[in-house]
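Engineer: Pasting in a structure now, in structure tokens, and then I'll have a few things to ask.
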């Protein structure tokens with residue numbers, strides 16, 4: 001089984017990307033889970049919601065964080081449950097711009113999808129920047145580093 005990555009979009013993007021970066025004071029405006037088979041899973045405003053696609057990696061636009069502890073089956077199960085569901089515009093505005101915990105069961109936004117796929121509670125509370133910080137902290141834990149080195153990674 002291959003490695004899963006958190007892909008964080010740092011490219012210029014569209015106005016929406018710039019607004020997210022401005023609001024979160026981050027270089028990141030979008031995130032995806034890159035599966036071992038090459039599919040990128042997320043909820044995308046540009047693509048209308050939860051979807052899988054293949055994206056050509058351009059390191060000028062994306063940062064990748066390996067997730068040796070991520071569970072492929074858990075992520076795939078979440079994707080199967082939510083595939084085709086719409087983009088959660090209200091949720092992203094309420095949970096990211098306002099301190100409201102809005103969780104629409106029929107829609108998702110990118111960092112909510114990724115956080116839920118990684119098993120984090122209150123997934124709608126995560127921005128791409130917060131998610132990047134949390135997974136980097138998890139990766140720095142000694143037992144994660146030891147487990148990854150024992151797997152040969």
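Numbering (the UniProt record's numbering), first residue to last: 1 to 153. Just so it is clear, CB atoms sit at the ideal spot from N, CA and C, and this is done for glycine as well.
1. Between the Cα of residue 124 and those of 51, 52 and 95, spot the shortest distance and give me the residue it belongs to.
2. Tell me whether residue 142 is buried or exposed, calling it buried when 16 or more other Cβ atoms sit within 10 Å of its Cβ.
3. Below 6 Å CB to CB, which residues in the same chain sit around residue 32 once its five sequence neighbours on both sides are set aside?
4. Taking the alpha carbon of residue 25 as the reference point, which residue from 67, 130 and 107 has its own alpha carbon closest?
5. Buried or exposed for residue 160, going by 16 or more other Cβ atoms inside 10 Å?
6. Of all the options 103, 79, 74 and 108, which has the alpha carbon lying nearest to the alpha carbon of residue 88?
7. Quick one: Cα of residue 77 to Cα of residue 58, how far?
8. What would DSSP say about residue 22, mapped onto helix, strand or coil?
9. Between which residues of its own chain and residue 55 is the CB-CB distance below 6 Å, once the five residues before and five after are set aside?
10. If we require 4 or more residues per run, which alpha helix (DSSP H) segments fall completely within the stretch 35-110?
Structural biologist: According to the structure data:
1. 95
2. exposed
3. 7, 40 and 42
4. 130
5. Nothing in the structure corresponds to residue 160, since the chain is present only between 1 and 153.
6. 108
7. 28 Å
8. helix
9. 40
10. 72-82 and 89-92
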